[in-house]
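Worksheet for the structure shown next.
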Amino acid sequence: VSALPPVRWLQEDPEDIELKTVLRLAEREYNRVSGREDVYRALRLRDLRRQLVSGIRYDFTVFLGRTLCKKEDEEVPDNCSLHSLASLMEIQCRYSMLVFPWVNETKVLDHRCSEEGVSAEPSSDQDVDSVKPEDELLETLSLFKDFVTTYNKKYKDDEEALMRLQIFSQNFKKAKEIQEKDQGTAEYGVTKFSDLTEEEFRTLYLNPLLSSQPSRPMKMALAPTDP
Amino acid sequence: PPAQWDWREHGAVTEVKNQGMCGSCWAFSVTGNIEGQWFLKKGSLLSLSEQELVDCDGVDMACGGGLPSNAYEAIEKLGGLESEQDYSYLGHKEPCSFSTNKVSAYINSSVEIPKDETQIAAWLAKNGPISIALNAFAMQFYRKGISYPFRILCNPWMIDHAVLLVGYGDRDGKPFWAIKNSWGTDWGEEGYYYLHRGTGSCGMNTMCSSAVI
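Chains as they are written, first to last, in the numbering used here: chain A, 41 to 267; chain B, 643 to 855.
This is how it looks when you write it as structure tokens:
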């Protein structure tokens, strides 16, 4: 068994023809069975394991992004451009494939897809026909629009606006997770800091010295004793 | 201590301020405490200058962060704090332009307040708002209500934000601390954060202090 590094970006290893072939197969398989109008393209790869059995078995997670190409196009080009919001609509699939390179054959042993986005793990009871992410995206876009208006946010160009939208989307999910775990009555969600990464927020608004430097000793306050 | 207390109802707390994109929370926490102490000792509520601390406290690091304990010492050495009006907040470090002629409030020393939350409540109810520091986990997305994160997510040794404890009480049987923040009134409940009371949530009891006038 050879275990490769857990996260691999496609552009990091363009010469890995074997890997690219497997990913193209995963893309093709997804596009064949998904029932979506748009063509999806592999963006990145995670948790790849390669095992020599009767052929070569590949287990991997692939993140697929929506392109601007449609399946009904007569000829779908190889280099379909990604949708500008592809990173917000990533589909995550776990594949097991058996490749027989000597006879140029591939068999898909198993695949499961989740549409929960980057941080989600595919669950066993979800398959490629699960709920579309468009509704979630529309909700996020609507919230982001309100956010920009409410807090009078200005971004220097569309590129920055898109980047902030992506951060906003991730933060919205994070706020939901915090909400689920809170033991009190607090409500978490969109705030004026929702377009900042955690690192930006810490750098701009917080105070790292409080935990890294010892306080100057002070005398203890007297506790009140009277009623 | 009384079952509930809120210094806002007794005129000891100024309006919520906004530190902007600057890690000067330590200055806001300390001035808030001194504003309360001055009100209780001298009878008038003054809005005091954070910019003076950002510019003139040579031990702390202005927008890069600081410690309330150092700030008290800096104020003692400088001779006091100017008013907000005389030395207004800019949100970035400038050369120190403190003038002793414009001092509005002074302090004589500072004290550390015990970590026991019952004693913190008793001290607060008797002596005024307290400068505290806490782990700001979840505050980025806080909107309202009583925040009570799991201890493991909001551990007390990762303190990264200084604020002002102004009161405590219960809402529907849930005990809370009322905390004045310095991120403007368009954050939290009109600028305030409500945190669960009684379990050392987010390390709020680890760095409590006050100036002494």
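For every residue, glycine included, the Cβ atom is placed at its ideal position computed from N, Cα and C. Bear in mind that the values here come from a model prediction, so they are computed numbers and not experimental data.
For residue 233 of chain A, the neighbours in chain B by C-beta distance under 9 Å run, in chain order, 781, 782, 783, 825, 829.
Contact of residue 734 of chain B with chain A is not assigned, every C-beta pair being separated by 8 Å or more. Using a CB distance cut-off of 8 Å, residue 189 of chain A does not count as an interface residue toward chain B. Here the C-alpha atom of residue 260 of chain A lies approximately 25 Å from the C-alpha atom of residue 778 of chain B. Close to chain A, meaning a Cβ-Cβ distance shorter than 7 Å, are the following residues of the region 794-812 of chain B: 795, 799, 800, 801, 802, 803, 804. Per DSSP, residue 711 of chain B lies in no beta strand (DSSP E) segment; the continuous alpha helix (DSSP H) that holds it begins and ends at 710-720.
Contacts between residue 229 of chain A and chain B, judged by CB atoms closer than 8 Å, involve 783, 785 in chain order.
With the criterion set as a beta carbon lying under 7 Å from some beta carbon of chain A, the members of the region 740-757 of chain B are 752, 753, 754, 755, 756, in sequence order. Within chain A, the C-beta atoms nearer than 7 Å to that of residue 667 of chain B come from 247, in chain order.
For chain A, the residues of the region 700-725 of chain B that bring a beta carbon within less than 7 Å of one of its beta carbons are 703, 707, 708, 709, 711, 712, 715, in chain order. Non-local beta-carbon contacts of residue 720 of chain B in its own chain, meaning distances under 7 Å to residues more than five positions away in sequence, involve 698, 740 in chain order. The straight-line gap separating the alpha-carbon atoms of residue 824 of chain B and residue 660 of chain B is approximately 5 Å. Taken in chain order, the whole beta strand (DSSP E) runs of length 3 or more contained in the region 810-853 of chain B are 816-822, 834-838. Look at residue 188 of chain A here: in three-state DSSP terms it is helix.
Contact annotation for residue 663 of chain B against chain A: 244, 245 [CB-CB distance below 8 Å, chain order].
When the Cα atoms are used, residue 811 of chain B and residue 184 of chain A turn out to be separated by approximately 35 Å.
Around the beta-carbon of residue 799 of chain B, fewer than 16 other beta-carbon atoms lie within 10 Å, marking it exposed. Among the residues of chain B, none has a CB under 7 Å from the CB of residue 183 of chain A; the nearest is roughly 13 Å distant. With a threshold of 8 Å between beta carbons, residue 206 of chain A makes no contact with chain B.
When Cβ-Cβ separations below 8 Å define contact, residue 792 of chain B makes contact with chain A.
The alpha-carbon separation between residue 229 of chain A and residue 215 of chain A amounts to approximately 5 Å.
Note that the C-beta distance between residue 207 of chain A and residue 235 of chain A is below 8 Å.
Close to residue 91 of chain A, with beta-carbon spacing below 7 Å, lies no residue of chain B; the smallest spacing is near 36 Å.
Beta bridge pairing from DSSP links residue 132 of chain A with A:103, A:154.
The three-state secondary structure of residue 140 of chain A, taken from DSSP, is strand. Here residue 136 of chain A has 99, 149, 150 as same chain residues with Cβ atoms under 6 Å from its own Cβ, once five neighbours each way along the sequence are excluded. With respect to the 8 Å criterion, residue 851 of chain B and residue 773 of chain B are classified as neighbours on the basis of their beta carbons.
Annotation for residue 754 of chain B: the continuous beta strand (DSSP E) segment containing it runs 751-754. Residue environment analysis places residue 192 of chain A among the exposed positions, since fewer than 16 neighbouring C-beta atoms fall within 10 angstroms of its C-beta.
Rounded to whole angstroms, the gap between the alpha carbons of residue 197 of chain A and residue 125 of chain A is 16 Å.
A Cβ-Cβ distance of about 5 Å is found for the pair residue 128 of chain A and residue 209 of chain A, placing them in contact under the 8 Å criterion.
Residue range 784-786 is occupied by the beta strand (DSSP E) that includes residue 784 of chain B. Under the Cβ distance rule, residue 211 of chain A counts among the residues neighbouring chain B, one pair being separated by less than 8 Å. Checking the DSSP bridge columns, you'll see residue 197 of chain A has no partner listed.
Residues of chain B whose Cβ lies closer than 8 Å to the Cβ of residue 253 of chain A are, in chain order, 709. In the displayed model, residue 646 of chain B falls within coil according to three-state DSSP, outside both helix and strand.
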